[in-house]
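Below: one structure, written as structure tokens.
There are 2 protein chains.
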Amino acid sequence: MAQKSFDRAALEQLIVKRFFYAPSFQIYGGVAGFYDFGPTGCALMNNIISVWRNHFVLEEEMLELDTTIMTTHEVLKTSGHVDKFADWMCKDLKNGEIFRADHVVEAVLEARLQGDMQARAAKNGTEAEVVVEKKDPKKKKKKGVVVAVELVDAVRKEYEETLAQIDNYGGQELADIMKKFDIRSPETGNELSVPQEFNLMFDSSIGPTGQLKGYLRPETAQGQFLNFKRLLEFNNDKMPFASAQVGRSFRNEISPRSGLLRVREFTMAEIEHFVDPENKDHPHFADVKDVTITLLSKDVQLSGKTETREVTVGDAVEKIGIKRERLRFRQHMDNEMAHYATDCWDAEIHTSYGWIECVGCADRSAYDLTVHSRRTKEKLVVREQLETPRVIEQWQVEINKKTFGPKYKKNAKIVEEALMSYTDQCYEKLQKDLETNGTSSVDVDGVTFDVSKEDVSVARGTVTEHIREYTPNVIEPSFGIGRILYSLLEHSWWVREGDESRNVLSFPTVVAPFKCCLLPLSGNVCFDPFVKKYSRQLRQNGISTRTDDSKTSIGRRYARNDELGIPFAITVDFQTVEDNTVTLRQRDSTEQIRDSFENILKILKESSADY
Amino acid sequence: MAQKSFDRAALEQLIVKRFFYAPSFQIYGGVAGFYDFGPTGCALMNNIISVWRNHFVLEEEMLELDTTIMTTHEVLKTSGHVDKFADWMCKDLKNGEIFRADHVVEAVLEARLQGDMQARAAKNGTEAEVVVEKKDPKKKKKKGVVVAVELVDAVRKEYEETLAQIDNYGGQELADIMKKFDIRSPETGNELSVPQEFNLMFDSSIGPTGQLKGYLRPETAQGQFLNFKRLLEFNNDKMPFASAQVGRSFRNEISPRSGLLRVREFTMAEIEHFVDPENKDHPHFADVKDVTITLLSKDVQLSGKTETREVTVGDAVEKIGIKRERLRFRQHMDNEMAHYATDCWDAEIHTSYGWIECVGCADRSAYDLTVHSRRTKEKLVVREQLETPRVIEQWQVEINKKTFGPKYKKNAKIVEEALMSYTDQCYEKLQKDLETNGTSSVDVDGVTFDVSKEDVSVARGTVTEHIREYTPNVIEPSFGIGRILYSLLEHSWWVREGDESRNVLSFPTVVAPFKCCLLPLSGNVCFDPFVKKYSRQLRQNGISTRTDDSKTSIGRRYARNDELGIPFAITVDFQTVEDNTVTLRQRDSTEQIRDSFENILKILKESSADY
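One line per chain: the protein sequences are C and B, in this order.
Going by numbering that gives the first Met the number 0, the first sequence wraps up at 610, each residue one higher than the last.
Going by numbering that gives the first Met the number 0, the second sequence wraps up at 610, each residue one higher than the last.
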């Protein structure tokens, strides 16, 4: 899937040179999966978040939260993350190196397929330089060297089908595949251990005793669920509504890779739509129903393919500079989904790494609210006043308080609770038993209690409900801000040909780290008061400005600012000193116009009116 | 220091009711020191950060960063935090309860002083209700009961002096005080253990092997120091400059208390001014030199007092709604300072908890850059081209390469390094030795090497320096956003008298969580299109709006929105349907005017022009 002609190394060099981001703790050698954002990257990220907030939170009056990163063990045990938020890892049995099991399978099979392609090309004489080796692909080989071994068609097909479903395999399946295809360490050729689960949460302990275990949140969602009652109250008990949160989350990845795409600490923006399970429609659906999006369903993927179909959202993504044709929605396969989801569609953006998940849209049903409610005994429900009361026929149980208490003593409460939570079938049996024998039995956690018709009566009857009580379902769009930022860098980058090739980052003005750069022609002191005055006026008009008064030629400074993705440059020269006119240069076209500073300011204000 | 008449419980109730913030994981019972911010608190925090960013980062073109929270052991070991970022704790020797040593001393002495006051008042007949007990204050007593025991004047004075310096004591001093004044657990009266150090960083481990130790950062500053080289380069090698960062930090407090004032996870905004140690002036000092601020120096505090003096900054704080007269700058006492600081002044805001530190302004000198540079061998310096070269007289050493290498073999390099890094005194001795005896000795890590005048010559000479190389000093203003937010709540809150007392939060428009609320008079559907239209127009004009169409009387809704601190309310009524006019109500004065929606929109835009 990767674009072969894309020069990722050149872009990565630009990213570090202009300090969009760079590895954290680099003077200490760095640690995989951690990046620091510099002035440009930080501004770009803030601008993306600002567009996101305007588009979602403000536009839809969502309830934004800011909850803690540190989360107690009990919360994440209940949510299922302690038990299920894990990846499969395996160890090189000789040198102890650790791999993520699916990644190592993927890397080995992809290398073998690539070798096959080269071997075939060489055979056809289309690629003369590759050395075709007919040796065993399983044999130990040097790192990075693709051994060009031709595969039989059936094997090639099997590899391709395995790769298409790689995200869908659990531990046992990965173990089977590794055995079947004899997957070994790509570095050493050593055998690998059977895949073992590794929990992805960073753990710590809270307080001086060290007794209270905590984790760094793996998602911002749990903080939103725990505050459900307060949010509903804040929303004057009205449904549906959405909460939102932007913040840092953590995943202790086994083998971070691909730059910002798989990191251990990242910024995410999550929305939880709390909806009525009987009516999951979004009130604004009508406004977007005709927007074309590209879908890739699970059925197509399970058939080993990746064909998409066009159906009838793209406004926000185009605004931040992601190309429309490089966005699609892919449905998760069943085993791929997180433990809390009943359905999940990823918005994927195409980059040089292939299609990458940037927004996960999951239907979490009532899962989270139900598990937290059950564990804490706190009711996390919506009570809806029914306009016309509902008459419902149902089983009704009556307890004879006079005999019940004395008979069951300290067990009275649990027996009553068990009777009250029967299924329809159980009630039917209970009624039959009591009618026929006068007695029946109740099972409570393996202990059996006898009940007689003196203690309890049961019958079908009608009740009139004035209130409907339900646990809301949750639809969650979860945005990976770092991944969106990286995709934006790829989609915005191009090289301007000329005397020398020069990098340009064509960010839309709304997300550009700085909107304008201000350049005195030279170090001559006569320009200083103008630079100072214009800089103040630009800022006062909300146009973020970078002054570049370094002693470099104006051409080089233009080039530098193109690399920073600044859409406009204002140059102060000798004519400015005489008549207060400046030149305005546009980044993408390099066109320049000359006008009074006041008029130029007006143009800039208009071009950046929508942020 | 606490304001006695301030009804903090009422404010706290309002804070939770209107979901500014509330304890995290509350449905699980909560954990001390963790708070979740609701829609109002989150918006308020974002607005404070936005004012901060405009005032500092944009206005001064600071280089904003966003570095990781997870930080490796090696970084924080080098910075001194692993060894020195600790508080003193002591244990109840019977029940194991843990206290922060200085807090328990403070609590016990304050209770005794309060008891003394009551006893004196009772003796004078001014406070009849207190039961004066002449019993031993050390004796076990019930929780919360102040025992009114009169103290002799000398003891009272000693207690007061101890309290004034409480932040200045180390472990031994606290142990001495606890022994001298027989400080016991205020809850149980049990003896307490000798104070022990407790490191305040949350620890974790990175990666699947569990071998790489990490901590959650206790400050954002280290991430800024580690990026110094990139920042200097980004700034085209120009000095001075400032970097800035807003983000979450963590401190595993022994005993969190006082709401947002002492928490385990918090948002801070830090600025690092990298300055020339020979000229620490700020280029914009002239602009603020006449602004009056209130100072409390360490000399005054060490004398056991708290008298402040007025000297000739208050712009930013007044903008966000902190009262000028409740802000002062207090100098740290020597032992109170963090291990990296050579001087520190806290901007303190007065609240019902007394004066609380909201901004710490520390002179970190060259401490951090020096320790990181020494550990990583990475040069973290500024090289300045001197306009006029400097001629410096200094000791000059010359090594005779011909004899040196063969003589010292593998030790040649370390002997040469030792000779090159001599102090002036050592050079003087070396010269004398070589002149007198023809030989001298060099000590390298305890091993002595002989050197002769054949190997090395040393003499005073002059060198001409064209480049000056120096390690910048760092001046750091560090803002505790949560504390500022809490102070703002206290300073903004008042109670409107009327039929019933009603809470009002008079936030300045620039920081108010919502700028406007939009209220249809009733649930009549004829208002719906107007509400929808106006809501869109308000948002498009950047005026964040909360629509309140709940079925409550308009008066109650006004009251609710006063509690949310929304400065303006627009009401849509039957006249609106006829002529497009609305009423605008101002929160603080409750004054209302009626005008066309367009004119009202203009008024709102003007009132909130500065954000």
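Just so you know, even glycine gets a beta-carbon here, dropped at the ideal spot from N, CA and C.
Please read these numbers as outputs of a predicted model, since none were measured by experiment.
Shorter than 8 Å from the beta carbon of C:Ala-42 to some beta carbon of chain B? Stepping through the first sequence from its first residue, residue 42 of chain C is reached at position 43. Taking Cβ atoms only, chain B reaches closer than 8 Å to C:Ala-42, which makes this a yes.
So is C:Pro-276 buried or exposed if we call it buried at 16+ other beta carbons inside 10 Å? Here residue 276 of chain C is taken as the residue at index 277 of the first sequence, counted from 1. Per the 10 Å Cβ criterion, exposed.
Discussion item. If I follow the unbroken beta strand (DSSP E) through C:Ala-502, where does it start and stop?
Written reply: Reading the first sequence from its first residue, position 503 is the one you call residue 502 of chain C. Note on identity: in this sequence residue 502 of chain C is Asn, with Ala being the wrong assignment. That run of the beta strand (DSSP E) goes 501-504.
Minimum Cβ-Cβ distance from B:Glu-264 to chain C less than 8 Å | Counting from 1 along the second sequence, the entry for residue 264 of chain B is found at position 265. At least one chain C Cβ lies under 8 Å of B:Glu-264.
Practice task
State yes or no: is the C-beta of C:Ser-242 within less than 8 Å of the C-beta of C:Glu-218?
Solution key: Counting from 1 along the first sequence, the entry for residue 242 of chain C is found at position 243. Counting from 1 along the first sequence, the entry for residue 218 of chain C is found at position 219. No, the Cβ-Cβ distance between C:Ser-242 and C:Glu-218 is not below 8 Å.
Notebook entry, point to check: Can the beta-carbon of B:Leu-75 be found closer than 8 Å to that of B:Tyr-214?
Noted result: On the second sequence, residue 75 of chain B is found 76 positions in, with the first residue counted as 1. On the second sequence, residue 214 of chain B is found 215 positions in, with the first residue counted as 1. In this structure, the beta-carbon distance from B:Leu-75 to B:Tyr-214 falls below 8 Å.
Exercise. In terms of residues, what are the limits of the alpha helix (DSSP H) holding B:Gln-12?
Worked result: For the purposes of this step, residue 12 of chain B is identified with residue 13 of the second sequence, where counting begins at 1. Membership of B:Gln-12 in the alpha helix (DSSP H) is indicated by the continuous run 7-16.
- Message: Our contact map puts B:Phe-224 next to B:Asp-367 with C-beta atoms below 8 Å; I'd like the distance itself, whole angstroms only.
- Response: On the second sequence, position 225 is the one that residue 224 of chain B refers to. On the second sequence, position 368 is the one that residue 367 of chain B refers to. Right, the Cβ-Cβ distance comes to about 4 Å (below 8 Å), so this counts as a contact.
- C-beta neighbour in chain B for C:Val-510, strict 8 Å: Taking the first sequence and counting its residues from 1, one reaches residue 510 of chain C at position 511. No, its Cβ sits nowhere closer than 8 Å to a Cβ of chain B.
So, C:Val-56 versus C:Lys-318, is the Cβ gap smaller than 8 Å? Here residue 56 of chain C refers to the residue found at position 57 when the first sequence is read from its first residue. Here residue 318 of chain C refers to the residue found at position 319 when the first sequence is read from its first residue. It is not a contact, given that the beta carbons lie outside the stated cut-off.
Q | Cβ contact check for the stretch 330-337 of chain B and the stretch 162-172 of chain B: 3 or more pairs under 8 Å | A | Verdict: yes, contact present.
- Report the residues of the stretch 2-31 of chain B with a CB closer than 7 Å to any CB of chain C, ordered along the chain. From the stretch 2-31 of chain B, only Phe-18, Ala-21, Ser-23, Phe-24, Ile-26, Tyr-27, Val-30 have a Cβ closer than 7 Å to chain C.
- Looking at C:Val-358 and C:Asp-345, is the spacing between their C-beta atoms short of 8 Å? Along the first sequence, one-based indexing puts residue 345 of chain C at 346. Along the first sequence, one-based indexing puts residue 358 of chain C at 359. Yes, the Cβ-Cβ distance between C:Asp-345 and C:Val-358 is below 8 Å.
Measuring only the C-alpha atoms, how far is C:Ile-602 from B:Asn-278? To locate residue 602 of chain C, count along the first sequence from 1; it is residue 603. To locate residue 278 of chain B, count along the second sequence from 1; it is residue 279. Distance between the alpha carbons of C:Ile-602 and B:Asn-278: 41 Å.
- [ ] Would you list the one or two residues that DSSP bridges to B:Gln-585?
- [x] Taking the first residue of the second sequence as 1, we reach residue 585 of chain B at position 586. Paired residues: B:Phe-567.
For a quick check, are the C-beta atoms of B:Arg-247 and C:Ile-205 less than 8 Å apart?
Within the second sequence, residue 247 of chain B is the residue found at index 248, counting from 1. Within the first sequence, residue 205 of chain C is the residue found at index 206, counting from 1. For B:Arg-247 and C:Ile-205, no; Cβs fall outside 8 Å.
Measuring straight from C-alpha to C-alpha, what distance separates B:Leu-518 and B:Phe-19? As a first step, residue 518 of chain B is located in the second sequence; it is residue number 519 there, counting from the start. As a first step, residue 19 of chain B is located in the second sequence; it is residue number 20 there, counting from the start. Their backbone Cα atoms lie some 21 Å apart in a straight line.
Item to complete: Using a cut-off of 7 Å between C-beta atoms, extract the partners of B:Pro-207 located in chain C.
Response: Residue 207 of chain B sits at position 208 when you count from the first residue of the second sequence. Result: Met-88, Ile-97, Phe-197, Ile-253.
Would you say C:Ser-192 lies against chain B (beta-carbon separation less than 8 Å)? What you label residue 192 of chain C is simply residue 193 of the first sequence in a count that begins at 1. With 8 Å as the cut-off, C:Ser-192 does not count as an interface residue toward chain B.
Notebook entry, point to check: According to DSSP, what are the bridge partners of B:Gln-393?
Noted result: Taking the second sequence and counting its residues from 1, the one referred to as residue 393 of chain B is at position 394. The partner list for B:Gln-393 (beta bridge, DSSP) reads B:Gly-460.
*asked:* Strictly below 7 Å CB to CB, what residues from chain C border B:Asn-523?
replied: Reading the second sequence from its first residue, position 524 is the one you call residue 523 of chain B. Under the 7 Å cutoff, chain C gives no residues; its nearest Cβ is about 17 Å from B:Asn-523.
DSSP state of B:Leu-520, grouped into three classes? In the second sequence, residue 520 of chain B corresponds to position 521, counting from 1. In this structure, B:Leu-520 counts as coil in the three-state DSSP scheme.
Assigned secondary structure, B:Ala-42 (DSSP; H/G/I helix, E/B strand, else coil): Here residue 42 of chain B refers to the residue found at position 43 when the second sequence is read from its first residue. Helix at B:Ala-42.
Can you confirm whether B:Val-144, when its beta carbon is compared against all beta carbons of chain C, has any partner nearer than 8 Å?
Walking along the second sequence from the start, residue 144 of chain B turns up at place 145. Only weak support is given to the placement of B:Val-144: the predicted model assigns it a pLDDT of 48, under 50, and the question is left unresolved by the model.
Length of the line joining the Cα atoms of B:Leu-537 and B:Cys-525:
The count along the second sequence starts at 1 and reaches residue 537 of chain B at position 538. The count along the second sequence starts at 1 and reaches residue 525 of chain B at position 526. Rounded to the nearest angstrom, the two C-alpha atoms are 20 Å apart.
Using a Cβ-Cβ cutoff of 7 Å, what residues of the stretch 57-77 of chain C are near chain B? List them in chain order. Leu-57, Glu-58, Glu-60, Leu-62, Glu-63, Leu-64, Asp-65, Thr-66, Thr-67, Ile-68, Met-69, Thr-71, Glu-73, Val-74
- Measure from the C-beta of C:Glu-567 to each C-beta in chain B and report whether the shortest distance is under 8 Å. Start at 1 with the first residue of the first sequence, and residue 567 of chain C comes out as number 568. First, the amino acid is wrong: residue 567 of chain C is Phe here, not Glu. Not one chain B Cβ lies under 8 Å of C:Phe-567.
Under a three-way DSSP split, which group does C:Gln-164 fall into? Along the first sequence, read from residue 1 onward, the residue named residue 164 of chain C stands at position 165. If DSSP states are grouped into helix, strand and coil, C:Gln-164 belongs with coil.
In chain C, which residues lie with their C-beta within 9 Å of the C-beta of B:Asp-202?
-> Within the second sequence, numbered from 1, the residue matching residue 202 of chain B stands at position 203. Per Cβ cutoff of 9 Å: Ser-203, Ser-204.
* To do: Could you name the residues of the same chain whose beta carbon sits closer than 6 Å to that of C:Glu-356, not counting the 5 residues immediately before and after it, in chain order?
  => Counting from one through the first sequence, the residue named residue 356 of chain C turns up at place 357. Contacts found: Asp-345, Glu-347.
| Which residues share a DSSP beta bridge with B:Ile-97? | Along the second sequence, one-based indexing puts residue 97 of chain B at 98. Partner(s): B:Lys-90.
Are the CB atoms of B:Ile-553 and B:Lys-514 nearer to each other than 8 Å? Here residue 553 of chain B is taken as the residue at index 554 of the second sequence, counted from 1. Here residue 514 of chain B is taken as the residue at index 515 of the second sequence, counted from 1. It is not a contact, given that the beta carbons lie outside the stated cut-off.
Among the candidates C:Ser-451, C:Ile-466, C:Glu-605, C:Ala-417, whose CA atom is the shortest distance from the CA of C:Asp-442? Taking the first residue of the first sequence as 1, we reach residue 442 of chain C at position 443. The shortest C-alpha separation from C:Asp-442 is found at C:Ala-417.
Pick helix, strand or coil for B:Ser-491, following the three-state DSSP scheme.
Looking up residue 491 of chain B in the second sequence gives position 492. DSSP places B:Ser-491 in helix when its eight states are reduced to three.
Which one or two residues does DSSP pair with C:His-349 in a beta bridge?
Locating residue 349 of chain C in the first sequence gives position 350, counting from the first residue. According to DSSP, which records beta bridges pairwise, C:His-349 is partnered with C:Trp-354.
Using the three-state DSSP reduction, which class does B:Val-193 fall into: helix, strand or coil? Counted from its first residue, the second sequence places residue 193 of chain B at position 194. In the three-state reduction of the DSSP assignment, B:Val-193 falls in the coil class, being assigned neither a helical nor a strand state.
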